[in-house]
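These notes are about the structure you will find just below.
Protein chains: 2
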Amino acid sequence: MAGHIGIVGAGLVGGGWSIVFARAGEQVRVYDAAPTIRDEFKAVVGRQLDDLKSYDLVDDPAAILARIQVCGCLEDVIKGACFVQESVLEQTEVKAEISNAIGPLLDDGAIVGSSTSGIPGSAFTEHAANRERFLVTHPVNPPYLVPVVEVVPTPWTAQDSVHAALALMTSVGQSPVLVRREVEGFILNRLQGALLREAWDLFEEGYASAEDIDKTVSVGLGLRWSFMGPFETIDLNAPGGVADYAERLGPLYHSIQKSRTDPKPWSAGLIGDVDKERRAALPTDKLAERRNWRDRRLMALAAHKAKQS
Amino acid sequence: MAGHIGIVGAGLVGGGWSIVFARAGEQVRVYDAAPTIRDEFKAVVGRQLDDLKSYDLVDDPAAILARIQVCGCLEDVIKGACFVQESVLEQTEVKAEISNAIGPLLDDGAIVGSSTSGIPGSAFTEHAANRERFLVTHPVNPPYLVPVVEVVPTPWTAQDSVHAALALMTSVGQSPVLVRREVEGFILNRLQGALLREAWDLFEEGYASAEDIDKTVSVGLGLRWSFMGPFETIDLNAPGGVADYAERLGPLYHSIQKSRTDPKPWSAGLIGDVDKERRAALPTDKLAERRNWRDRRLMALAAHKAKQS
Chain A
3 MAGHIGIVGA GLVGGGWSIV FARAGEQVRV YDAAPTIRDE FKAVVGRQLD
53 DLKSYDLVDD PAAILARIQV CGCLEDVIKG ACFVQESVLE QTEVKAEISN
103 AIGPLLDDGA IVGSSTSGIP GSAFTEHAAN RERFLVTHPV NPPYLVPVVE
153 VVPTPWTAQD SVHAALALMT SVGQSPVLVR REVEGFILNR LQGALLREAW
203 DLFEEGYASA EDIDKTVSVG LGLRWSFMGP FETIDLNAPG GVADYAERLG
253 PLYHSIQKSR TDPKPWSAGL IGDVDKERRA ALPTDKLAER RNWRDRRLMA
303 LAAHKAKQS
Chain B
3 MAGHIGIVGA GLVGGGWSIV FARAGEQVRV YDAAPTIRDE FKAVVGRQLD
53 DLKSYDLVDD PAAILARIQV CGCLEDVIKG ACFVQESVLE QTEVKAEISN
103 AIGPLLDDGA IVGSSTSGIP GSAFTEHAAN RERFLVTHPV NPPYLVPVVE
153 VVPTPWTAQD SVHAALALMT SVGQSPVLVR REVEGFILNR LQGALLREAW
203 DLFEEGYASA EDIDKTVSVG LGLRWSFMGP FETIDLNAPG GVADYAERLG
253 PLYHSIQKSR TDPKPWSAGL IGDVDKERRA ALPTDKLAER RNWRDRRLMA
303 LAAHKAKQS
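The listed protein sequences correspond, in order, to chains A and B. If you count by our numbering, then the first sequence holds residues 3 to 311, one letter each, in order. If you count by our numbering, then the second sequence holds residues 3 to 311, one letter each, in order.
Structure below.
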């Protein structure tokens with residue numbers, strides 16, 4: 003694209019985005035209000051690139067890192083940018099303040115995507131200059147391993163901006179999905195929430211341990227879901243496709259759902275019980291090590307998926 | 003174990019189970035009431051074993067096949083068996099009839115697991131001899147690639163039978179989960195149903211296409227879920243573990259669920275719309291080919307997972 007990519011907010015999420023764009027050959031400029039974060043940024047990203055290299059997920063970490071430039075002022079990052087990815091703190095006021103600062107600095111046609119996972123874009127872009135070029139581009143962490151990006155326009159986002167964001171995300175190797183209008187939790191967390199809610203309920207009612215509920219997914223449902231979505235899964239699970247499947251099993255699923263009409267909050271007692279089981283399986287001081295394991299598994303899975311057709 | 007494994011019902015599911023047990027070194031005897039199925043059984047299983055060999059998932063297909071013996075009468079399969087896996091037609095009366103036939107033939111201590119995906123064991127084992135040794139052992143197809151098995155006792159299943167079934171499944175390389183008491187859909191399909199229900203609703207309300215909802219899982223949520231369950235996923239997604247995560251995000255998820263208190267049936271119009279999109283993406287005459295692709299992906303994923311630690 004003409005112009006560089008601007009990254010505003012250089013924590014874990016902004017760092018991940020930098021890798022996505024620089025890996026795809028884009029020039030990347032990064033800004034964060036905190037000098038410490040700016041100072042450490044390239045070292046942090048460099049280590050992540052080395053990890054990716056060890057799984058053959060990037061060819062040349064040094065060349066990728068060389069395309070990333072950390073800047074000391076916001077203007078240097080926004081001016082000349084064709085696209086700005088904003089990943090500042092997940093608070094409406096903070097997002098509004100930075101959107102209002104970014105808006106007037108935008109080049110003609112430049113677009114701004116926010117990494118917010120839960121705040122609708124309309125809550126913090128209403129008063130920004132060029133607000134028709136703001137939208138949500140919600141990643142999953144880390145975006146260089148999990149390609150899905152939820153693209154969610156606000157009521158005032160121009161169609162051109164939506165199309166440009168979808169095209170850019172595709173061009174850098176991500177997999178954008180269009181959420182046609184704002185909805186609480188967007189799509190990804192609504193789907194996750196639906197599964198979690200049934201998981202909490204089954205645990206609370208004593209049907210199974212948290213470990214066994216987890217296994218039902220990790221050595222069961224999750225295998226297909228790592229390469230096919232829920233609709234394609236059921237489409238292939240009946241001779242005549244999804245309509246055939248729905249005719250056979252729709253009534254069972256409806257009956258199950260009728261047992262879940264009273265959504266309870268995740269209560270303190272329930273959370274405590276699951277936490278107790280989890281901490282027995284994985285003590286608090288082992289969480290960090292297990293997160294590293296998860297990230298290695300994600301890298302290995304990404305390398306595996308890249309080889310499939 | 004002392005004694006062979008009996009397989010009753012030799013269709014797709016029974017064939018899959020034969021591979022699981024014979025692959026683990028067990029002697030397997032197979033019965034089906036239909037002569038045609040019996041005659042073709044070893045050829046069908048042989049082809050599946052050759053596929054597994056091509057992904058290095060078995061060493062010696064011929065040796066595995068040699069451990070499988072097809073029998074012309076039920077008694078030859080049950081007598082001398084330490085465990086019987088029943089996979090006849092998914093109809094309560096058919097399951098009851100075969101359970102009543104199997105019960106009196108059982109050796110001392112032999113256990114019977116049913117492959118039913120949706121009928122509680124209590125609905126078809128109540129009048130069987132030795133009913134305390136009947137339970138549900140529900141696989142996912144094909145069980146030799148997807149290791150989860152839901153072990154679901156009836157109200158009259160003995161604890162010893164439950165423990166023996168769990169131990170056997172573990173010993174042959176499956177991953178049993180204990181569903182402590184009967185519940186409609188067991189655990190796996192309840193979790194799947196919860197996700198599907200939100201997927202149908204999001205589609206119906208126009209938030210996204212079926213393709214984009216699918217991508218949210220297949221290149222997003224499903225990656226972690228192929229090696230970690232939902233509880234472990236959120237446990238690792240907040241600095242202080244699951245309790246910390248629940249404190250931060252519980253209210254958002256509860257708010258989302260409050261928008262889903264009126265479970266609708268999967269309506270004909272809605273099913274038609276999803277079917278229309280799916281058939282545009284994958285015509286009916288390509289379904290079989292895509293199922294083969296799915297099975298190859300599952301085999302490649304199983305080979306990948308076997309190499310991870």
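Note that the Cβ used here is the ideal one computed from N, Cα and C, for glycine as well. Note that the structure is a prediction, hence the values are computed from the model and not measured.
Delimiting residues of the alpha helix (DSSP H) encompassing residue i
{"i": "Glu200 (chain B)", "result": "Leu190 to Glu206"}
{"i": "Gln29 (chain B)", "result": "Segment: none, Gln29 (chain B) is in no alpha helix (DSSP H) and carries neither H nor E."}
{"i": "Leu67 (chain B)", "result": "Pro63 to Ala68"}
{"i": "Ser257 (chain B)", "result": "Val244 to Lys260"}
{"i": "His306 (chain A)", "result": "Leu289 to Ala308"}
{"i": "Pro232 (chain B)", "result": "Pro232 to Asp237"}
{"i": "Ser20 (chain B)", "result": "Leu14 to Arg25"}
{"i": "Leu170 (chain A)", "result": "Gln161 to Ser173"}
{"i": "Ile104 (chain B)", "result": "Thr94 to Ile104"}
{"i": "Gly274 (chain B)", "result": "Ala270 to Ala283"}
{"i": "Glu128 (chain A)", "result": "Glu128 (chain A) -> no alpha helix (DSSP H), and no H or E assigned at all."}
Cβ shell of residue i (< 8 Å), same chain only, five flanking positions each side left out
{"i": "Gly175 (chain B)", "result": "Val22, Arg25, Ala26 and Pro149"}
{"i": "Ala167 (chain B)", "result": "Phe85, Ile113, Gly115, Leu137, Thr139, Val153 and Pro178"}
{"i": "Leu107 (chain B)", "result": "Leu76, Glu77, Ile80 and Lys81"}
{"i": "Ile66 (chain A)", "result": "Ile21, Ala24, Arg25, Leu51 and Val60"}
{"i": "Asn191 (chain A)", "result": "Ser119 and Gly120"}
Nearest-angstrom Cα separation, counted from residue j out to residue i
{"i": "Gly195 (chain A)", "j": "Glu249 (chain A)", "result": "26 Å"}
{"i": "Trp158 (chain B)", "j": "Arg135 (chain B)", "result": "8 Å"}
{"i": "Ala4 (chain B)", "j": "Thr218 (chain A)", "result": "29 Å"}
{"i": "Ile189 (chain A)", "j": "Ala210 (chain B)", "result": "8 Å"}
{"i": "Pro141 (chain B)", "j": "Leu193 (chain A)", "result": "24 Å"}
{"i": "Gln259 (chain B)", "j": "Leu223 (chain A)", "result": "22 Å"}
{"i": "Asp52 (chain B)", "j": "Asp214 (chain B)", "result": "35 Å"}
{"i": "Ile68 (chain B)", "j": "Lys44 (chain B)", "result": "The sequence shown places Ala at residue 68 (chain B), rather than the Ile named in the question. Going from the Cα of Ala68 (chain B) to the Cα of Lys44 (chain B) covers about 9 Å."}
{"i": "Tyr247 (chain B)", "j": "Trp268 (chain A)", "result": "11 Å"}
{"i": "Arg262 (chain B)", "j": "Met230 (chain B)", "result": "26 Å"}
{"i": "Leu284 (chain A)", "j": "Arg226 (chain B)", "result": "17 Å"}
{"i": "Leu303 (chain A)", "j": "His306 (chain B)", "result": "8 Å"}
{"i": "Pro63 (chain B)", "j": "Leu254 (chain A)", "result": "38 Å"}
{"i": "Ser257 (chain A)", "j": "Gly242 (chain B)", "result": "37 Å"}
{"i": "Val164 (chain A)", "j": "Asp34 (chain B)", "result": "57 Å"}
{"i": "Arg280 (chain B)", "j": "Gly18 (chain A)", "result": "33 Å"}
{"i": "Val324 (chain B)", "j": "Leu14 (chain A)", "result": "A question about residue 324 (chain B) goes unanswered here, because the residues of chain B that appear run from 3 up to 311."}
{"i": "Ser56 (chain A)", "j": "Gln310 (chain B)", "result": "15 Å"}
{"i": "Ala36 (chain A)", "j": "Gly252 (chain B)", "result": "30 Å"}
{"i": "Asn239 (chain A)", "j": "Gly187 (chain B)", "result": "16 Å"}
{"i": "Lys288 (chain B)", "j": "Asp277 (chain B)", "result": "14 Å"}
Same chain only: Cβ atoms within 7 Å of residue i, ignoring 5 sequence neighbours per side
{"i": "Ser20 (chain A)", "result": "Ile9, Val30, Val32, Val47 and Ile70"}
{"i": "Glu207 (chain B)", "result": "none"}
{"i": "Gly11 (chain B)", "result": "Asp34, Glu88, Ser89 and Val90"}
{"i": "Asp110 (chain A)", "result": "none"}
Contact set for residue i: own chain, Cβ-Cβ below 6 Å, skip 5 residues either direction
{"i": "Pro122 (chain A)", "result": "Glu184"}
{"i": "Lys97 (chain A)", "result": "Phe126"}
{"i": "Leu170 (chain B)", "result": "Phe85"}
{"i": "Thr38 (chain A)", "result": "none"}
{"i": "Val151 (chain B)", "result": "Thr139, Pro141, Met171, Gln176 and Pro178"}
{"i": "Val181 (chain A)", "result": "Glu152, Val154, Phe188 and Ile189"}
Beta strand (DSSP E) segment containing residue i, residue limits
{"i": "Ser228 (chain B)", "result": "Here Ser228 (chain B) belongs to no beta strand (DSSP E), and DSSP marks it neither H nor E."}
{"i": "Gly115 (chain A)", "result": "Ile113 to Ser116"}
{"i": "Pro155 (chain B)", "result": "Val150 to Pro155"}
{"i": "Thr38 (chain B)", "result": "Looking at the DSSP string, Thr38 (chain B) is not in any beta strand (DSSP E); the run it does join, the alpha helix (DSSP H), is Pro37 to Ser56."}
{"i": "Ala83 (chain A)", "result": "Ala83 to Glu88"}
{"i": "Val179 (chain A)", "result": "Ser177 to Leu180"}
{"i": "Val138 (chain B)", "result": "Phe136 to Pro141"}
{"i": "Val185 (chain B)", "result": "Where Val185 (chain B) is concerned, there is no enclosing beta strand (DSSP E), given that its DSSP letter is neither H nor E."}
{"i": "Ile121 (chain A)", "result": "Segment: none, Ile121 (chain A) is in no beta strand (DSSP E) and carries neither H nor E."}
{"i": "Val10 (chain A)", "result": "His6 to Val10"}
Contact with chain E by residue i, beta-carbon distance below 7 Å
{"i": "Gly243 (chain B)", "result": "No chain E appears in the structure shown, which is made up of the protein chains A and B."}
| query | Given 8 Å as the limit, is there contact between the region 270 to 277 of chain A and the region 192 to 205 of chain A, that is, 3 or more CB pairs closer than that? | reply | A contact between stretches requires three or more CB pairs, one per stretch, nearer than 8 Å, and the region 270 to 277 of chain A meets this requirement with the region 192 to 205 of chain A.
| Three or more beta-carbon pairs under 8 Å between the region 224 to 240 of chain B and the region 284 to 303 of chain A, yes or no? | Between the region 224 to 240 of chain B and the region 284 to 303 of chain A there are three or more inter-stretch CB-CB distances shorter than 8 Å, so the stretches are counted as touching.
| field | Under 7 Å (Cβ pairs) to chain A, residues found in the region 151 to 180 of chain B | value | When CB distances to chain A are screened at a threshold of 7 Å, the residues of the region 151 to 180 of chain B falling below it are Ser177, Val179 and Leu180, in chain order.
| Quick check: the region 102 to 110 of chain B against the region 123 to 131 of chain B, are there 3 or more CB pairs under 8 Å? | Verdict: yes, contact present.
| request: Return the residues of the region 115 to 137 of chain A that lie within a Cβ-Cβ distance of less than 7 Å from chain B, sorted by chain order. | output: Residues passing the 7 Å Cβ filter: Gly120.
| query | Using a beta-carbon distance cut-off of less than 8 Å, what residues from the region 4 to 27 of chain B approach chain A? | reply | Residues passing the 8 Å Cβ filter: none.
| message | If the cut-off is 7 Å on Cβ atoms, which residues from the region 186 to 214 of chain B count as contacting chain A, listed in chain order? | response | The region 186 to 214 of chain B vs chain A, Cβ under 7 Å: Glu186, Gly187, Ile189, Leu190, Arg192, Leu193, Gln194, Gly195, Ala196, Leu197, Leu198, Arg199, Glu200, Ala201, Leu204, Gly208, Tyr209, Ala210, Ala212 and Asp214.
| query | If you measure beta-carbon to beta-carbon, which residues of the region 78 to 93 of chain A are closer than 9 Å to chain B? | reply | Per Cβ criterion, the list is empty.
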